[in-house]
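Okay, structure first, notes after.
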């Protein structure tokens, strides 16, 4: 999740329209994984 989160932050800051494929992300901490996907990584991405 850390690598994806930093990539999302960079792309969002660079004004990219970011989409994240939910099935391609995994975090061993299930609660953190669900929270990040529910929030759209802080509203920075569209989760598909």
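Residue numbers (the UniProt record's numbering): 1 to 48. The beta-carbon is built from N, C-alpha and C at its ideal position, and this holds for glycine as well.
{"Check": "Identify, in the order they occur along the chain, each residue of the same chain with its Cβ nearer than 8 Å to the Cβ of residue 33, setting aside the five sequence neighbours on each side.", "Outcome": "1, 25, 26, 27"}
{"Check": "Where does the unbroken alpha helix (DSSP H) through residue 17 begin, and where does it stop?", "Outcome": "Run containing residue 17: none; DSSP gives neither H nor E here."}
{"Check": "Verify whether the separation of the beta carbon atoms of residue 18 and residue 9 is less than 7 Å.", "Outcome": "no"}
{"Check": "Determine the closest residue to residue 3 out of 31, 43, 20, with distance taken between C-alpha atoms.", "Outcome": "20"}
{"Check": "Do the CB positions of residue 48 and residue 37 come within less than 7 Å of each other?", "Outcome": "no"}
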